[in-house]
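Colleague:
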Amino acid sequence: MQHFIVPVDGSDESWRGVDVALSIARRCNARVEVVEVVLTSEAAADSEQQLKSGLKDHDVEGVDITVGAIGMEGSVATTLCTKVREHPGSTVVMTSRGRGRSTVFVGSVTEDLLRKLNDPVVIVGPEATISDFAGPILVTVDGSDTSEAALPIAAAWSIDLSSQPWIVEVVQPDVADGSETERARYPQLLAQRLTALSGHTVEHEVLIDRRPDVAISDFAGELNASLIVSSTHGRTGMPRFVAGSTAAGFVRLAPCPVLLIRPPHIETTEQLSR
Numbered sequence: 011m012q013h014f015i016v017p018v019d020g021s022d023e024s025w026r027g028v029d030v031a032l033s034i035a036r037r038c039n040a041r042v043e044v045v046e047v048v049l050t051s052e053a054a055a056d057s058e059q060q061l062k063s064g065l066k067d068h069d070v071e072g073v074d075i076t077v078g079a080i081g082m083e084g085s086v087a088t089t090l091c092t093k094v095r096e097h098p099g100s101t102v103v104m105t106s107r108g109r110g111r112s113t114v115f116v117g118s119v120t121e122d123l124l125r126k127l128n129d130p131v132v133i134v135g136p137e138a139t140i141s142d143f144a145g146p147i148l149v150t151v152d153g154s155d156t157s158e159a160a161l162p163i164a165a166a167w168s169i170d171l172s173s174q175p176w177i178v179e180v181v182q183p184d185v186a187d188g189s190e191t192e193r194a195r196y197p198q199l200l201a202q203r204l205t206a207l208s209g210h211t212v213e214h215e216v217l218i219d220r221r222p223d224v225a226i227s228d229f230a231g232e233l234n235a236s237l238i239v240s241s242t243h244g245r246t247g248m249p250r251f252v253a254g255s256t257a258a259g260f261v262r263l264a265p266c267p268v269l270l271i272r273p274p275h276i277e278t279t280e281q282l283s284r
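Here you go:
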């Protein structure tokens, strides 16, 4: 977690991603790079000037931050993927929506980026507030291997942010059989795994609700969580991150940013096209 890439499109909404990246960077001494995808080389100079001017409205003290315009290569998502590959291990931080002076509509590329990129992406939803990232990290699981793929990344982030992780599972009311102790067995086992990975004491919770996205978002608010960590794919078997998925619900409702992780065995669209 050494380098954050923040795409903006000229809108105030997209610049909220910059504030989130700056806050995380202060917490873990990381670098921030603000970029705008432009359609022509002629627009690059004006874009970089606008980006530098935009930084004046944000608290950049104590953070190593740069700005730059990058030419479109096929699509915005493809262009951003190329940018990420130039900085192995970097993380994209972006808002879920926004429209500015360019033709880039941030919300329209979120799904495309998540389908193309293997690396984690931090999405700042419409209800997310900017914090100092001192609060806990919620790791959502649903009993599937795909959801558990988030554990190693969650461990790394909890170490870098010095934050306490929570394992949280949501159980449907009509399948919430057994005692509370029995229901807690699965998240408790994962909490033990995450403790071993992170070196932090990990709490766990089972929520009973028909809407996992609502339950997790409400619980995050109760704990003043800094971040929700979730796999883009879970037990539902949806082939890709879509607007109606549970993970997308977290982004839409959560009071904090959401770190989305593609499970390693889920192929990207680029891999599928080969």
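With the working numbering as the guide, the letters of the sequence shown map in order to residues 11 to 284.
Even glycine gets a Cβ: it sits at the ideal position worked out from N, Cα and C.
Computed from a prediction, not measured in an experiment: that's the story for all the values here.
Do Val-42 and Thr-89 come within 8 angstroms of each other at the CB atom, strictly closer than that value?
Modeller: Locating residue 89 in the sequence shown gives position 79, where the first residue counts as 1. Locating residue 42 in the sequence shown gives position 32, where the first residue counts as 1. Cβ distance not < 8 angstroms, so Thr-89 and Val-42 don't count as in contact.
Colleague: Using the C-alpha atoms, what's the distance from Thr-92 back to Val-132?
Modeller: Reading the sequence shown from its first residue, position 122 is the one you call residue 132. Reading the sequence shown from its first residue, position 82 is the one you call residue 92. Distance between the alpha carbons of Val-132 and Thr-92 is about 17 angstroms.
Colleague: Identify, in the order they occur along the chain, each residue of the same chain with its Cβ nearer than 6 angstroms to the Cβ of Phe-143, setting aside the five sequence neighbours on each side.
Modeller: Along the sequence shown, read from residue 1 onward, the residue named residue 143 stands at position 133. So the list reads Ser-33, Ile-34, Arg-37, Leu-171, Ser-236, once near-sequence residues are dropped.
Colleague: Do the stretch 150-163 and the stretch 120-129 make contact, defined as three or more Cβ pairs closer than 8 angstroms?
Modeller: Output reads no: the stretch 120-129 does not touch the stretch 150-163.
Colleague: From the DSSP output, read off the bridge partner residues of Val-70.
Modeller: As a working note, residue 70 is residue 60 in the sequence shown. According to DSSP, Val-70 bridges with nothing at all.
Colleague: DSSP state of Phe-14, grouped into three classes?
Modeller: Start at 1 with the first residue of the sequence shown, and residue 14 comes out as number 4. Of the three classes helix, strand and coil, the one that applies to Phe-14 here is strand, per DSSP.
Colleague: What did DSSP end up calling Glu-58 once you bin it into helix, strand or coil?
Modeller: Counting from 1 along the sequence shown, the entry for residue 58 is found at position 48. If DSSP states are grouped into helix, strand and coil, Glu-58 belongs with the helices.
Colleague: When the Cα of His-68 is compared with those of Ile-226, Glu-52, Ala-54, Ala-31, which residue comes out closest?
Modeller: The residue you call residue 68 lines up with position 58 of the sequence shown. Residue Ala-31 is the option with its Cα nearest to His-68.
Colleague: Relative to the alpha-carbon of Asp-19, which residue among Ser-51, Leu-204, Ala-79, Gly-72 has its alpha-carbon at the smallest distance?
Modeller: Indexing the sequence shown from 1 puts residue 19 at position 9. Measuring from the Cα of Asp-19, the nearest candidate turns out to be Ala-79.
Colleague: For His-214, which residues of its own chain have a beta-carbon under 6 angstroms away from its beta-carbon, when the five flanking residues on both sides are left out?
Modeller: Taking the first residue of the sequence shown as 1, we reach residue 214 at position 204. Cβ neighbours of His-214 beyond the five flanking positions: Ile-177, Pro-197, Gln-198, Ala-201.
Colleague: Whole-angstrom Cβ separation of Pro-239 and Ser-106, contact assumed at under 8 angstroms?
Modeller: Counting from one through the sequence shown, the residue named residue 239 turns up at place 229. Counting from one through the sequence shown, the residue named residue 106 turns up at place 96. Residue identity check: residue 239 is Val in the sequence provided, not Pro. At roughly 16 angstroms, the Cβ-Cβ gap does not stay under 8 angstroms, so Val-239 and Ser-106 are not in contact.
Colleague: Classify Pro-222 as buried or exposed, calling it buried when 16 or more other Cβ atoms lie within 10 Å of its own Cβ.
Modeller: Taking the first residue of the sequence shown as position 1, residue 222 is located at position 212. It counts as buried.
Colleague: Suppose only complete runs of 4+ residues qualify. What are the alpha helix (DSSP H) ranges in the stretch 105-181, listed by chain order?
Modeller: Those alpha helix (DSSP H) runs which fall completely within the stretch 105-181 and span 4+ residues are 116-126, 155-158, 161-171.
Colleague: By the DSSP assignment, the beta strand (DSSP E) with Val-268 in it spans what residues?
Modeller: In the sequence shown, residue 268 corresponds to position 258, counting from 1. Counting along the chain, the beta strand (DSSP E) containing Val-268 begins and ends at 268-271.
Colleague: Where do the N-terminal and C-terminal ends of the beta strand (DSSP E) with Ser-236 fall, by residue?
Modeller: Residue mapping note: residue 236 aligns to position 226 of the sequence shown, counting from 1. Run containing Ser-236: none; DSSP gives neither H nor E here.
Colleague: Are the Cβ atoms of Ala-230 and Pro-273 separated by less than 8 angstroms?
Modeller: The sequence position of residue 230 within the sequence shown is 220, counting from 1. The sequence position of residue 273 within the sequence shown is 263, counting from 1. Their beta carbons are not under 8 angstroms apart, which means Ala-230 does not touch Pro-273 by this criterion.
Colleague: Would you call Ile-140 buried or exposed, if buried means 16 or more other Cβ atoms sit within 10 Å of its Cβ?
Modeller: Locating residue 140 in the sequence shown gives position 130, counting from the first residue. With fewer than 16 other Cβ atoms within 10 Å, it is exposed.
Colleague: For Glu-180 and Ala-138, which I take to be in contact (beta-carbon distance under 8 angstroms), what is that distance rounded to the nearest angstrom?
Modeller: One-based indexing of the sequence shown puts residue 180 at position 170. One-based indexing of the sequence shown puts residue 138 at position 128. The question names Glu, but residue 180 in the sequence shown is Val. Going by Cβ atoms, the distance from Val-180 to Ala-138 rounds to 20 angstroms, so no, they are not a contact pair.
Colleague: Just to confirm, is the Cβ distance from Ile-271 to Ser-241 under 8 angstroms?
Modeller: On the sequence shown, residue 271 is found 261 positions in, with the first residue counted as 1. On the sequence shown, residue 241 is found 231 positions in, with the first residue counted as 1. For Ile-271 and Ser-241, yes; Cβs fall inside 8 angstroms.
Colleague: Pick from Ile-218, Ile-169, Gln-174, Arg-203: whose alpha carbon is nearest that of Arg-193?
Modeller: Start at 1 with the first residue of the sequence shown, and residue 193 comes out as number 183. Nearest option by C-alpha distance: Ile-218.
Colleague: Put Val-48 into one of helix, strand or coil per three-state DSSP.
Modeller: Numbered from its first residue, the sequence shown carries residue 48 at position 38. Strand.
Colleague: DSSP three-state label for Arg-221, please.
Modeller: On the sequence shown, residue 221 is found 211 positions in, with the first residue counted as 1. Looking at Arg-221 - three-state DSSP - the assignment turns out to be coil, as it is neither helix nor strand.
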